[in-house]
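Asks: Let me give you the structure first, and then I'll get to my questions.
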DNA sequence: GCGATTTCTCTATTATGTAGATAAACGCAG
DNA sequence: CTGCGTTTATCTACATAATAGAGAAATCGC
């Protein structure tokens with residue numbers, strides 16, 4: 585996580601996707617979640633790399649058991665957000681909220697300050 | 585800016601600091617703003633590198649004229665957030681809000697509460 | 001010009017973000 | 001049990017973002 589206590593923006597999005605998906609959080613739905621909410625597709629590689637990094641930092645955990653899987657294909661890796669992950673999300677949001685506090689996004693044109 | 589339309593988290597913070605500071609946005613106050621709101625110090629180098637990147641992308645502009653500077657020392661580089669910068673901030677926030685929508689951040693069930 | 005002051009630039013390094021190709025594991029039909 | 005198609009995961013390589021710290025550059029008052 586960055587020096588400032590705010591995590592990377594893609595890490596945050598992945599973490600949030602995992603959180604939202606709950607029980608069914610694995611690569612494919614995570615990726616779909618990201619696409620739907622951001623409007624662009626990201627590759628599997630991008631998702632896994634991030635998930636692995638988050639796991640390394642203890643922000644997500646791999647859940648060994650899948651809820652009975654009767655589908656073909658290679659077994660899925662399910663993830664869940666850890667307590668630390670929640671805390672990290674909270675810190676990120678808190679700091680960012682402080683940065684945004686009181687700002688309105690109006691296009692600049694005249695200064696005339698104060 | 586990232587594939588997803590969300591900019592880097594530090595870039596966002598710097599951009600917000602510049603926006604908030606208005607007329608008086610240059611390295612030192614920007615850095616102070618960052619420290620105060622995040623709780624940690626970042627180096628000048630970090631700030632400048634980011635400012636330069638943002639400038640390269642057209643999200644901030646260097647304002648040539650400083651409001652009369654009678655202080656000693658090397659001349660300051662004042663910055664302002666461009667229209668594009670505002671738009672980028674808005675997009676970043678919009679997408680992130682969609683990612684957060686409806687999520688609450690309750691810690692997952694007790695794990696070894698000893 | 002000289003020195004003190006303030007700000008900026010440069011170099012290096014690690015962390016994040018990203019894609020695409022390739023491999024692995026599995027259920028099912030034969 | 002063997003091969004086959006399906007689904008998911010890993011690997012490699014590279015681009016961008018984040019970061020520190022040392023050192024160089026301007027400017028002012030004298």
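Protein chains in written order, with this note's numbering: chain A, 585 to 698; chain B, 585 to 698. Using N, Cα and C, we set each Cβ at its ideal position, and we do this for glycine too.
With a threshold of 8 Å between beta-carbons, can residue 592/A be considered close to chain B, or not?
Replies: It does; some Cβ of chain B falls within 8 Å.
Asks: Report the rounded CA-to-CA distance for residue 599/B versus residue 655/A, giving the unit in angstroms.
Replies: Cα to Cα, residue 599/B sits roughly 47 Å from residue 655/A.
Asks: Roughly how many angstroms separate the alpha carbons of residue 604/B and residue 597/A, rounded to a whole number?
Replies: Going from the Cα of residue 604/B to the Cα of residue 597/A covers about 26 Å.
Asks: Do you know offhand how far residue 646/B's Cα is from residue 595/B's?
Replies: Straight-line Cα distance between these residues: approximately 16 Å.
Asks: Taking its Cβ as the centre, do 16 or more other Cβ atoms sit within 10 Å of residue 683/B, making it buried, or is it exposed?
Replies: Buried is the call here.
Asks: Do residue 672/A and residue 643/A count as a contact pair if the criterion is CB distance below 8 Å?
Replies: Contact: yes.
Asks: Taking just the CA atoms, how far does residue 666/A sit from residue 675/A?
Replies: Near 14 Å, if we compare the C-alpha coordinates of residue 666/A and residue 675/A.
Asks: Please confirm whether residue 670/A and residue 588/A have their CB atoms less than 8 Å apart.
Replies: Cβ distance not < 8 Å, so residue 670/A and residue 588/A don't count as in contact.
Asks: Thinking residue 608/B and residue 628/B are a contact (beta carbons under 8 Å), I'd like their distance in whole angstroms, please.
Replies: Rounded, the Cβ-Cβ distance is 17 Å, inconsistent with contact.
Asks: Does residue 628/A have its Cβ less than 8 Å from a Cβ in chain B?
Replies: It does not: the Cβ of residue 628/A has no partner Cβ on chain B nearer than 8 Å.
Asks: Give the straight-line distance between the Cα atoms of residue 557/B and residue 606/B, rounded to the nearest whole angstrom.
Replies: The first residue shown for chain B is 585 and the last is 698, placing residue 557/B beyond what the model contains.
Asks: Given a cut-off of 8 Å, decide if residue 593/A and residue 592/B are closer than it, judged by their beta-carbon atoms.
Replies: Cβ atoms of residue 592/B and residue 593/A: closer than 8 Å.
Asks: Write down every uninterrupted run of the alpha helix (DSSP H) in the region 622-657 of chain B whose length is 4 residues or greater and which is fully enclosed by it, in chain order.
Replies: If we require 4 residues or more, the alpha helix (DSSP H) runs fully inside the region 622-657 of chain B come out as 628-640.
Asks: Could you check whether residue 611/A and residue 661/A sit closer than 8 Å to each other, using their CB atoms as the reference points?
Replies: A contact, by the Cβ cut-off of 8 Å.
Asks: Reducing DSSP to helix, strand and coil, say where residue 598/A ends up.
Replies: Here residue 598/A sits in helix by DSSP.
Asks: Once you ignore the five residues that flank residue 590/A on each side, which residues in its own chain have a CB closer than 8 Å to its CB?
Replies: These residues qualify, in order along the chain: 675, 676, 679 and 680.
Asks: Taking DSSP as the reference, what is the three-state secondary structure of residue 616/B?
Replies: Helix, per DSSP.
Asks: Please list the partners that residue 623/B has in chain A, where partner means a Cβ-to-Cβ separation under 7 Å.
Replies: Correct list: 589.
Asks: Are residue 626/A and residue 618/A closer than 8 Å when you measure CB to CB?
Replies: Yes, the pair counts as a contact, with Cβ atoms nearer than the cut-off.
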